[in-house]
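Working notes, structure below.
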Amino acid sequence: MEFEYRNITKVPPTEDELRKIAKLGGYTIQQLLNTKGQTYKKLKPDLSTMEEEEIIAFIQANPSVMIRPVLMDNSHVVTGFKEEAYEEFLHRNP
């Protein structure tokens, strides 16, 4: 299987990519944040006052706040490490 590895801390996701990940996963942009991660806890953003575009900009400026890893193709996405979901994804995409 071919894949593209990307270190999002060096090449942050674009707005379009974040929107695609959220749409494919059935998430809101806010749900792409790893609220249990150290970066998030250190920065303590007040999400209740942030519009979607501000959250996108926040993720782009601080990509390590995003749930990782992200495994995706043009129709499916798996966020975080979920072994069963990865197996299902990989078997669907030989």
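Using my numbering, you'd call the opening residue of the sequence shown number 1053 and step up by one each time.
All C-beta atoms in this analysis are idealised placements derived from N, C-alpha and C, irrespective of residue type, glycine included.
Start-to-end residues for the alpha helix (DSSP H) that takes in residue i
{"i": "T1061", "result": "No alpha helix (DSSP H) holds T1061; DSSP gives it neither H nor E."}
Beta carbon of residue i nearer than 7 angstroms to that of residue j
{"i": "S1116", "j": "T1061", "result": "yes"}
{"i": "A1137", "j": "V1130", "result": "yes"}
{"i": "Q1090", "j": "I1107", "result": "no"}
{"i": "A1111", "j": "M1118", "result": "Note that residue 1111 is Ile in the sequence shown here, rather than Ala. Yes. Within cutoff."}
Run of the beta strand (DSSP E) containing residue i, from where it starts to where it stops
{"i": "L1123", "result": "V1122 to M1124"}
{"i": "T1091", "result": "Segment Q1090 to L1095 is the alpha helix (DSSP H) holding T1091; no beta strand (DSSP E) there."}
{"i": "T1131", "result": "V1129 to T1131"}
Candidates the options: closest to residue i by CA position
{"i": "E1069", "options": "E1103, L1095, S1100 and L1123", "result": "L1123"}
{"i": "G1132", "options": "R1120, F1141, G1077 and E1139", "result": "R1120"}
Paired residues, beta bridge with residue i - DSSP
{"i": "M1118", "result": "L1085"}
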